[in-house]
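Novice:
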Amino acid sequence: MNSIESLDEFYNDVPCGLINSLADNRIIKVNNTFLEWLGYEREEIENKIEWTDLITMGGKIFHQTHLLPLFLSKDFIQEINLDFIKKNGDKLPALVNIKVKREKDRSISLLKIA
């Protein structure tokens, strides 16, 4: 097993949910833990939806009014409480940490959900 495979295995199997998204909020990668928590298959999420599609309306409003300005000024956002919506409609309360990686053409975010 090479180091890239080891990193992918680690990413997929850590006991916290992980989401990678682009600046437009489109999910480009999720780990197995997050998929299990919400009850989705990888093919239903990756490159199909925005991570904000998976949070409650209150979370969407909070994202627009508070998180977006923080994305512009900070590289790390700690301990944001959001409710995710599972595939079956149930809510999953979560404590979210967000790491923003800035690139010339777009930002990439890593959301760590505990």
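Once you know that position 97 of the sequence shown is 85 in this note's numbering, the rest is easy, because the numbers rise by one and skip nothing. Beta carbons: idealized from backbone N, C-alpha and C, even for Gly.
With respect to the alpha helix (DSSP H) encompassing R14, which residues constitute its N-terminal and C-terminal limits?
Specialist: First-last for R14: undefined, no H or E at that position.
Novice: For my contact list, L42 and F72 are in at a C-beta cut-off of 8 Å; report their separation, rounded to the angstrom.
Specialist: The pair is a contact, with the Cβ atoms about 5 Å apart (cut-off 8 Å).
Novice: May I ask you to report which of helix, strand or coil DSSP gives P81?
Specialist: Strand at P81.
Novice: Tell me whether the beta-carbon of G27 lies closer than 8 Å to the beta-carbon of K100.
Specialist: Taking 8 Å as the Cβ cut-off, G27 and K100 do not qualify as a contacting pair.
Novice: According to DSSP, simplified to helix, strand and coil, what is D71?
Specialist: The answer is strand: DSSP assigns D71 an E or B state.
Novice: Using a 10 Å radius around the Cβ and a threshold of 16 neighbouring Cβ atoms, would you call H51 buried or exposed?
Specialist: The residue in question, H51, is buried, as its Cβ has 16 or more Cβ neighbours within 10 Å.
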